[in-house]
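K.L.:
Below are the structure tokens for one structure; questions will follow.
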Amino acid sequence: MTPLPSFDLHRPSTLNEALEMMSNLEEVKALAGGTDLIPLIREAECTPKNLVDLNTIPELNYIIEENGYLNIGGTVTHSQLVQNPATKIYPALIDSVRWIGSPHIRNRGTLAGNVLNASPAADSAPPLLVHEAEVILRSVREERVLPIEDIFEGPKINCLEPDELLTEIRIPLPTEGSSSCFKRIGRRKAFTLSVVSAAVYLQVEGRLCKEARVAFGSVDMTPVRVVELEEMLADSELDDETIMETCESAKDFVNPITDIRGTAEYRRDMCEVLMRRALRKTMERIGE
Numbered sequence: 001m002t003p004l005p006s007f008d009l010h011r012p013s014t015l016n017e018a019l020e021m022m023s024n025l026e027e028v029k030a031l032a033g034g035t036d037l038i039p040l041i042r043e044a045e046c047t048p049k050n051l052v053d054l055n056t057i058p059e060l061n062y063i064i065e066e067n068g069y070l071n072i073g074g075t076v077t078h079s080q081l082v083q084n085p086a087t088k089i090y091p092a093l094i095d096s097v098r099w100i101g102s103p104h105i106r107n108r109g110t111l112a113g114n115v116l117n118a119s120p121a122a123d124s125a126p127p128l129l130v131h132e133a134e135v136i137l138r139s140v141r142e143e144r145v146l147p148i149e150d151i152f153e154g155p156k157i158n159c160l161e162p163d164e165l166l167t168e169i170r171i172p173l174p175t176e177g178s179s180s181c182f183k184r185i186g187r188r189k190a191f192t193l194s195v196v197s198a199a200v201y202l203q204v205e206g207r208l209c210k211e212a213r214v215a216f217g218s219v220d221m222t223p224v225r226v227v228e229l230e231e232m233l234a235d236s237e238l239d240d241e242t243i244m245e246t247c248e249s250a251k252d253f254v255n256p257i258t259d260i261r262g263t264a265e266y267r268r269d270m271c272e273v274l275m276r277r278a279l280r281k282t283m284e285r286i287g288e
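Here the sequence shown stands for residues 1 to 288, numbered as in the working numbering.
Shown next, in the form of structure tokens:
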């Protein structure tokens, strides 16, 4: 195994101390789970002189319901997310996190890190999109609150400034009569990136859809929410005809590529399949 190059490791005890370090140190990166960053450093694709370890900051590790949101701190791991009873109201997010990496990766990796990696295939991204999550970015200069979609600027490109930290992800509490689901296809059942993924959120009264949100992963330069499909479902009876017609249209609103994991044509076809599965599972969950 290639040894890690040398760097200085800083271990602040407070968020303010970490923000000062991010502002003042040269060629600095924040370290939380490290499941993406450390391999990049090992392969010299990222060569920071300084790492700021966020795991020594207790105020970044929390899951709290407050003011109509579930607030998730920047160092909360995937395993913590799944194990916390407060997160069960976001079924699509729990569906997705269970697929991320191995148990070792989920014990170390963070939800914030999965978002900031900005992979088009990030499994947490479609659920966060359909649940209309927001992120809080902090620096010594300012605090910014952004919708989750503004984080993603391109493959592996996020919108953070060099001195900023993602300190919190917050998700609006779901309304009555709503639920969600995440579905994916990979080249195998675990330890693999999604070839294509889909998340659906529905709020219904009887079989009437009051609100719908639909998002896909691995079908464009970033994870995408598809408003056109949502409009087709909204204020409609969720019968077989509506579901079939809407899901068949999914391929018209995505722009996948062909790569080693799958062809563009296959990805388009699977958007229809996964959206239909996610819709039906969401309806089933609402009825439980």
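Note that the Cβ used here is the ideal one computed from N, Cα and C, for glycine as well.
Going along the chain, which residues of its own chain have a beta-carbon closer than 6 angstroms to the beta-carbon of Gly34, five neighbours each way excluded?
P.N.:
None.
K.L.:
To the nearest whole angstrom, what separates the beta carbons of Glu149 and Asn71, a pair I think is in contact under 8 angstroms?
P.N.:
Incorrect: roughly 19 angstroms between the Cβ atoms, too far for contact.
K.L.:
Which residue comes first and which comes last in the beta strand (DSSP E) that contains His10?
P.N.:
First-last of the beta strand (DSSP E) with His10: 8 to 10.
K.L.:
According to DSSP, simplified to helix, strand and coil, what is Ser23?
P.N.:
Three-state DSSP puts Ser23 in a helix.
K.L.:
Quick one: using the 10 Å Cβ neighbour count with 16 as the cut-off for buried, is His104 buried or exposed?
P.N.:
exposed
K.L.:
State the CB to CB distance for the pair Leu129 and Pro223, rounded to an integer number of angstroms; the pair is presumed to be in contact (CB under 8 angstroms).
P.N.:
6 angstroms
K.L.:
Do you know whose CA, among Thr242, Arg267, Ile260, lies nearest Asp252's CA?
P.N.:
Closest option to Asp252, Cα to Cα, is Arg267.
K.L.:
Tell me the residue span of the beta strand (DSSP E) that contains Ser194.
P.N.:
194 to 205
K.L.:
State the start and end residues of the unbroken alpha helix (DSSP H) segment that holds Gly154.
P.N.:
Per DSSP, Gly154 belongs to no alpha helix (DSSP H); it is in the beta strand (DSSP E), 152 to 154.
K.L.:
Do you know whose CA, among Val219, Ile243, Ile41, Val226, lies nearest Cys209's CA?
P.N.:
Ranking Val219, Ile243, Ile41, Val226 by CA distance to the CA of Cys209 puts Ile243 first.
K.L.:
What are the start and end residues of the alpha helix (DSSP H) that includes Thr281?
P.N.:
Inspection of the sequence shows that residue 281 is occupied by Lys rather than by Thr. Run containing Lys281: 264 to 287, per the alpha helix (DSSP H) assignment.
K.L.:
Give me the DSSP bridge partner(s) of Ser178.
P.N.:
Gln203
K.L.:
Could you pull the DSSP bridge partners for Val28 from this structure?
P.N.:
Asn50
K.L.:
Go ahead and pull the three-state DSSP assignment for Cys209.
P.N.:
It is a strand residue.
K.L.:
Please state whether the Cβ-Cβ distance between Leu15 and Ile57 is less than 7 angstroms.
P.N.:
Their beta carbons are under 7 angstroms apart, which means Leu15 touches Ile57 by this criterion.
K.L.:
Candidates Leu165, Glu142, Glu230: which alpha carbon is nearest Leu202's?
P.N.:
If we check each option's Cα against that of Leu202, Glu230 comes out closest.
K.L.:
Leaving out five residues on either side along the sequence, give the residues of the same chain with a beta carbon under 7 angstroms from the beta carbon of Met275.
P.N.:
Ala198, Val200, Val214, Cys247, Ala250
K.L.:
In this structure, does DSSP put Leu137 in helix, strand or coil?
P.N.:
strand
K.L.:
Taking only three categories from DSSP, how would you classify Ile260?
P.N.:
coil
K.L.:
Name the two residues that bound the continuous beta strand (DSSP E) containing Arg170.
P.N.:
165 to 172
K.L.:
Would you kindly work out how many angstroms separate the C-alpha atoms of Thr2 and Gly262, rounded to a whole number?
P.N.:
30 angstroms
K.L.:
Cα-Cα, which of Gly177, Asn55, Phe216 is closest to Arg108?
P.N.:
Comparing Cα positions, the closest option is Asn55.
K.L.:
Using the C-alpha atoms, what's the distance from Leu279 back to Ser305?
P.N.:
An answer regarding residue 305 cannot be provided, because it is not within the stretch 1 to 288 covered by the chain.
K.L.:
So what does DSSP say about Ile72, is it helix, strand or coil?
P.N.:
strand
K.L.:
Give the DSSP bridge partners of Asn158, in chain order.
P.N.:
Phe152
K.L.:
Taking DSSP as the reference, what is the three-state secondary structure of Arg144?
P.N.:
strand
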